[in-house]
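First comes the structure, then the notes that go with it.
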Amino acid sequence: MGIYIKQALKAGEGDEHIKRFFVLASSLLALRENLPVAENTSNNKADLVNEIKSIDSVHHILARLDAIRFAIENGDMRKIGKGGYFLLKLNYETNELKINSYKPSEVDDANKDYTTIESLKNPVVDAVLVRAESVSTLKSAYPNYFGDISEFINIMRTYIE
């Protein structure tokens, strides 16, 4: 999530409601595994679920995660070049992940396209430009763009629905 919203959530930076959502989710999963909960969270499952529901009803975090999941599963990897620069663009409204590849000699075009996307300041679109030797290297460097978050989403939905 941090990569998509360009916030260092793991370092404690970013939107308070998103950080709180994941702390609560962590505690809920900890209770499920009979482990201690995170600091400043309840030991009561119902309290955790209610607070998660409250945050999600306003900020739609699960819907955003679902958009990321959908884009990951439906991205067309066949059109991607073998190496160079990759511009990953995720649209949360359309659930679409577009990946443009650029040869190393096209770095100026890649930077121009990335700057154009960022200048639009579209709140439902996130983009990142990276250099990688191959798609597999890209997947290794940015696993969150290609990882499977379905199980987490399903667990959270089971609790809040």
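Sequential numbering of the sequence shown, starting at 1225, is according to the numbering used here.
From the three backbone atoms N, C-alpha and C, an ideal C-beta is built for every residue, glycine too.
Around Ser1374, the same chain offers Arg1293 as residues with beta carbons nearer than 6 Å, after the five sequence neighbours per side are excluded. The straight-line gap separating the alpha-carbon atoms of Asn1267 and Glu1275 is approximately 13 Å.
Beyond the five residues adjoining it in sequence on each side, Glu1237 comes within less than 7 Å, by CB distance, of Gln1231 in the same chain, given in chain order. Close CB contacts of Thr1339 within its chain, under the 8 Å cut and outside five residues either way in sequence, are absent.
Runs of alpha helix (DSSP H) with 4 or more residues, each lying fully within the stretch 1321-1361, are found at 1331-1343, listed in chain order. Ala1291 counts as buried, since no fewer than 16 other beta carbons sit within 10 angstroms of its beta carbon.
For Lys1277, the enclosing alpha helix (DSSP H) begins and ends at 1269-1283. Shown here, Leu1259 sits in coil according to DSSP, grouped into three states, outside any helix or strand.
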